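Okay, so here's the structure we're looking at.
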Amino acid sequence: METLGRRERKKMQTREALRQAALRLFLEHGYDNVTVAQIAEEADTAVTTVFAYFPDGKESLIFDDGVERAEGLVAAVRNRPPGEAILRALRAYLATRGPFTTDPSPELRRTTELIMNTPALRGYQRKLWTRCHDMLAQAIADASGHDPGDMVVRALARYVLEVPDLAAGEPEPRTAMDAVFDLLETGWNGP
Numbered sequence: 109m110e111t112l113g114r115r116e117r118k119k120m121q122t123r124e125a126l127r128q129a130a131l132r133l134f135l136e137h138g139y140d141n142v143t144v145a146q147i148a149e150e151a152d153t154a155v156t157t158v159f160a161y162f163p164d165g166k167e168s169l170i171f172d173d174g175v176e177r178a179e180g181l182v183a184a185v186r187n188r189p190p191g192e193a194i195l196r197a198l199r200a201y202l203a204t205r206g207p208f209t210t211d212p213s214p215e216l217r218r219t220t221e222l223i224m225n226t227p228a229l230r231g232y233q234r235k236l237w238t239r240c241h242d243m244l245a246q247a248i249a250d251a252s253g254h255d256p257g258d259m260v261v262r263a264l265a266r267y268v269l270e271v272p273d274l275a276a277g278e279p280e281p282r283t284a285m286d287a288v289f290d291l292l293e294t295g296w297n298g299p
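So for the sequence shown, the working numbering puts the first residue at 109; every next one is plus one.
Listed below in structure tokens is the structure:
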């Protein structure tokens with residue numbers, strides 16, 4: 109295991125301090141009532157430091173950079189047990205995320221509510237999911253023997269990545285997520 113140098117550890121600590129300060133202020137005052145300057149002050153940094161660590165702006169402050177999300181989706185496809193369908197593996201992965209977890213901590217519940225009730229945060233979260241499209245399409249193509257440019261592969265990846273935004277805002281997010289995956293797994297049988 110590689111040990112992080114002092115500089116890398118300091119960067120991680122600053123990034124986490126900014127994330128925690130932003131989340132605390134957003135939860136206390138509401139996203140729209142908090143400025144980047146207030147977050148910087150709360151974390152005892154400069155405004156320029158906030159943008160150096162979070163160049164996507166205020167919306168990005170409470171999210172990871174999306175790398176873990178993309179890697180998790182790809183791993184769900186590539187590391188699934190023999191015989192398990194790709195969609196089943198992706199459903200299981202999403203079931204561990206945010207509003208779809210069966211027993212979220214109070215902090216996760218509050219953070220999820222903040223995201224779902226704040227258009228800017230919800231939009232940014234959707235952007236993070238859709239950024240995973242090419243990686244997920246490639247993983248699906250590799251696992252299924254299709255070309256990653258095949259419309260069916262691209263569509264399937266896109267549909268899966270829309271599930272969090274579509275289902276998370278429902279009164280029962282996990283039930284909604286399962287309904288969408290049921291549809292994807294069986295296809296539309298209506299008129």
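By construction, the Cβ of each residue, glycine as well, lies at the ideal position given by its N, Cα and C atoms. Note that the coordinates shown come from a computational prediction; the quantities given were computed from them, not determined experimentally.
Per the coordinates, the alpha-carbon of Ser252 lies some 28 Å from the alpha-carbon of Asp173. The three-state secondary structure of Ser213, taken from DSSP, is coil. In the assembly as shown, Gln233 is a buried residue. Its beta-carbon has 16 or more other beta-carbons within 10 Å. In this structure, DSSP gives Phe289 a helical state, which the three-state scheme calls helix. Looking at the backbone, the Cα of Gly165 and that of Phe159 are separated by about 6 Å.
Within its own chain, the residues whose Cβ lies closer than 6 Å to the Cβ of Val144, once the five positions on either side in sequence are excluded, are Val155, Val158, Lys166, listed in chain order.
For the 8 Å CB-CB criterion, Leu133 and Val142 form a contact. Here DSSP, grouped into helix, strand and coil, assigns Ala151 to coil. Of the residues assessed, Arg177 falls on the buried side of the cut-off, its CB having 16 or more other CB atoms within 10 angstroms.
Closest in C-alpha terms to Val288, from the list Thr111, Arg199, Lys119, comes Arg199.
Pairwise C-beta distances place the stretch 272 to 285 in contact with the stretch 203 to 210, as three or more of them are shorter than 8 Å.
The alpha-carbon separation between Gln128 and Gly191 amounts to approximately 41 Å. In this structure, DSSP gives Ala228 a helical state, which the three-state scheme calls helix. Nearest C-alpha to Thr294 among Arg196, Ile223, Pro227: Arg196. In the DSSP assignment, Pro299 falls outside any alpha helix (DSSP H), carrying neither H nor E. For Tyr267, the enclosing alpha helix (DSSP H) stretches over residues 259 to 276. Scanning its chain for C-beta atoms nearer than 6 Å, with the 5 sequence neighbours on each side dropped, one finds around Arg239 the residues Gly174, in chain order.
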